[in-house]
Amino acid sequence: PVWNVACDETGVEFTDIIYEKAEGEAIAKITINRPERRNAFRPHTIKELIRAFNDARDDSSIGVIILTGKGTKAFCSGGDQTLRSGDGYADFENFGRLNVLDLQVQMRRLPKPVIAMVIFVIYTCQSLLSSVNCDMRMVQVKFCVASNKVAGYAVGGGHVLHMVCDLTIAADNAVFGQTGPKVGSFDAGYGSSIMSRLVGPKKAREMWFLARFYTAQEAEKMGLINTVVPLEKLEQETVKWCREIIRNSPTAIRVLKSSLNAVDDGHAGHQELGGNATLIFYGTEEVFRNKLVQMRRLPKPVIAMVIFV
Ligand code: 2NE
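Numbering (UniProt numbering), first residue to last: 236 to 544.
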């Protein structure tokens, strides 16, 4: 696709992420843009991610959202460890409040599929690229594979983000794992419960207690991700999955997503599923008839006065 840079209703430019929409297609792409920190997120990054996901949710022309990381090395390496203090994570515009759990909830409840793309490599060695007269992407990929050093890390809180996504498509250089217990942190929320659902309780214990890293092939085998594709095919394959999803009924997908989550999400899951039922009900002729009857029964205007005490 042709990706056009997008913004949200605030019009304020993004700094920590790149937000794009595919021209003429129902796909949005959100890229964490802090490659110098292996795409670690700070509070400001999370605020921008929340803004972009909100926009993609409200834009009725968007049916599916890709989440990925910028650069050669990582999808996301979790919370920015340089910003940690006794107050949590704090950056220039914040006291210690990372809000990443809010982002996870938002992604989980978003009525459109979110696909983690781990990771799209753009090698930025300009001299190498300009010196060779052939397909740039192939040059990038061959160089990275030959160097045998590149790995698309989805680790720590970045690993949790991919788990919260509905689907994960990984390049064959991707690496997955939790690092929290090594660096004095943990995610005992979705980071534990969703993982246990995905890979089973024993494997989840292994992942958290030992804090090892796993290859894309191992991750696929344990059900942590959906598929592994060669690096050079990653975006192509991810877009192919997006197009297949978009061809199907958005309402069916919306209700299925909330239904697949409902059993794990308790009251909140029930509420999400129930909200979808109401939405569908509002489109029925039965509601229209009720509204007419109700309006006819009201002889005088009724004014609600709501008092905040
Ligand atoms: C990701 C990984 C394995 C990559 O290793 P490598 O060897 O490819 O890169 P390197 O040299 O470690 O990192 C390159 C630069 O990125 C910074 C590094 O400090 C380094 O900076 P310079 O020395 O070049 O200045 N960097 C990497 N990850 C960072 C991070 N998360 N925060 C700040 N700077 C980071 C390797 O870098 C790694 O293991 N990174 C740390 C992963 C980690 O422990 N993340 C936090 C887990 S806790 C969490 O995310 C969390 C949670 O548990 C609960 C709630 C919210 C968040």
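Beta carbons are placed, not taken as given, at the ideal position from N, Cα and C, and that holds for glycine.
Review point. Measuring CB to CB, does Pro348 end up less than 9 angstroms from Ile300?
Key: Yes, they are a contact pair.
Review point. Would the C-beta of Arg272 count as close to ligand 1, meaning under 8 angstroms from any of its heavy atoms?
Key: With a threshold of 8 angstroms, the Cβ atom of Arg272 counts as near ligand 1, since some heavy atom of the ligand is closer than that.
Practice item. Give the secondary structure of Glu255 by DSSP, where H, G and I count as helix, E and B as strand, and everything else as coil. Key: Under the three-state reduction of DSSP output, Glu255 falls in the strand class.
Review point. Closest by CA to Glu283, which one among Leu396, Gly314, Asp294, Thr250?
Key: Closest option to Glu283, Cα to Cα, is Thr250.
Review point. What does DSSP give as the partner residues of Ile460 in its beta bridges?
Key: Bridge partners of Ile460: none, in fact.
Check your understanding: How many angstroms separate the CA atom of Val528 from the CA atom of Asn511?
Key -> Per the coordinates, the alpha-carbon of Val528 lies some 24 angstroms from the alpha-carbon of Asn511.
Exercise for review: Hey, could you find the ends of the beta strand (DSSP E) Met540 is sitting in?
Suggested key: Premise fails: Met540 is in no beta strand (DSSP E) and is neither H nor E.
Review point. Are the CB atoms of Glu455 and Val463 nearer to each other than 9 angstroms?
Key: Result yes, Cβ atoms of Glu455 and Val463 sit closer than 9 angstroms.
Practice item. Check the C-beta distance from Arg432 over to Asp337 and give it rounded, since I have them as a contact under 8 angstroms. Key: The Cβ separation is near 21 angstroms, so there is no contact.
Check your understanding: Taking Cβ to Cβ, would you say Gly304 is nearer than 9 angstroms to Gly387?
Key -> In contact: Gly304 and Gly387 (Cβ atoms closer than 9 angstroms).
Check your understanding: What's the call for Tyr517, buried or exposed, on a 16-neighbour Cβ count within 10 Å?
Key -> Counting Cβ neighbours within 10 Å, Tyr517 comes out exposed, since fewer than 16 surround it.
**Study point:** Minimum C-alpha distance to Gly426 - residue among Glu520, Met442, Gly419
**Key:** The shortest C-alpha separation from Gly426 is found at Met442.
Check your understanding: What is the residue span of the alpha helix (DSSP H) that Ala287 lies within?
Key -> Judged by DSSP secondary structure, Ala287 falls within the alpha helix (DSSP H) whose first and last residues are 278-293.
Practice item. Specify the secondary structure class of Ala389 as computed by DSSP and reduced to three states. Key: For Ala389, the three-state secondary structure derived from DSSP is strand.
Review point. Among Leu402, Ser295, Met457, which residue has its Cα nearest to the Cα of Leu495?
Key: Leu495 has its Cα closest to that of Leu402, out of Leu402, Ser295, Met457.
Check your understanding: Taking 8 angstroms as the line, does the beta carbon of Lys526 fall inside it for any heavy atom of ligand 1?
Key -> Because no heavy atom of ligand 1 lies under 8 angstroms away, the Cβ of Lys526 does not count as near it: no.
Check your understanding: In chain order, what residues of the same chain lie with their CB nearer than 8 angstroms to the CB of Pro416, ignoring the 5 residues before and after it?
Key -> Cβ neighbours of Pro416 beyond the five flanking positions: Trp443, Phe444, Ala446.
**Study point:** Of the residues Glu521, Cys311, Gly298, the one placed nearest Gly259, counting alpha carbons only
**Key:** The residue with the shortest Cα to Cα distance from Gly259 is Gly298.
Check your understanding: Which whole-angstrom value describes the C-beta separation of Gln339 and Val399, a residue pair presumed to lie in contact below a C-beta threshold of 8 angstroms?
Key -> Yes, they are in contact, since the Cβ atoms of Gln339 and Val399 sit about 5 angstroms apart, within 8 angstroms.
Point to revise | Per-residue DSSP class, three states only, for Asn239 | key: Of the three classes helix, strand and coil, the one that applies to Asn239 here is strand, per DSSP.
Practice item. Name the one or two DSSP bridge partners that Val349 has. Key: Bridge pairing for Val349: Ile300 [DSSP].
Exercise for review: Count the other CB atoms, across all protein chains shown, that sit within 10 Å of the CB of Phe276; report buried if there are 16 or more and exposed otherwise.
Suggested key: That one is buried.
Point to revise | Length of the line joining the Cα atoms of Gly246 and Glu255 | key: Those two C-alpha atoms are separated by around 14 angstroms.
Review point. Comparing the CB of Phe315 with every heavy atom of ligand 1, is any distance shorter than 8 angstroms?
Key: One point to set straight first is that residue 315 is Asp, not Phe, in the sequence displayed. Yes - ligand 1 has a heavy atom lying nearer than 8 angstroms to the Cβ of Asp315.
Review point. Which residue from Lys264, Ile252, Glu248 puts its Cα closest to that of Val239?
Key: Per the sequence shown, residue 239 should be read as Asn rather than Val. For Asn239, the nearest C-alpha among the options comes from Lys264.
Review point. Which term fits Gln452, buried or exposed, when burial requires 16 or more other beta carbons within 10 angstroms of its beta carbon?
Key: Gln452 counts as exposed, since fewer than 16 other beta carbons sit within 10 angstroms of its beta carbon.
**Study point:** Pro534 versus Val490: straight-line alpha-carbon distance, rounded
**Key:** Roughly 39 angstroms separates the two Cα atoms.
Practice item. Give every residue of the same chain whose Cβ lies closer than 7 angstroms to the Cβ of Leu345, excluding the five residues on either side of it in the sequence, and list them in chain order. Key: Counting only Cβ-Cβ distances below 7 angstroms, and skipping sequence neighbours, we find Phe288, Arg292.
Point to revise | beta strand (DSSP E) segments (min. 3 residues) lying fully within the stretch 471-501 | key: None, since the stretch 471-501 contains no complete beta strand (DSSP E) of that length.
Practice item. Measure the C-alpha to C-alpha separation of Leu514 and Arg272 and round it to an integer number of angstroms. Key: In this structure, the alpha-carbon of Leu514 lies about 42 angstroms from that of Arg272.
Review point. According to DSSP, which residues form a beta bridge with Cys311?
Key: DSSP lists Ala389 as partners of Cys311.
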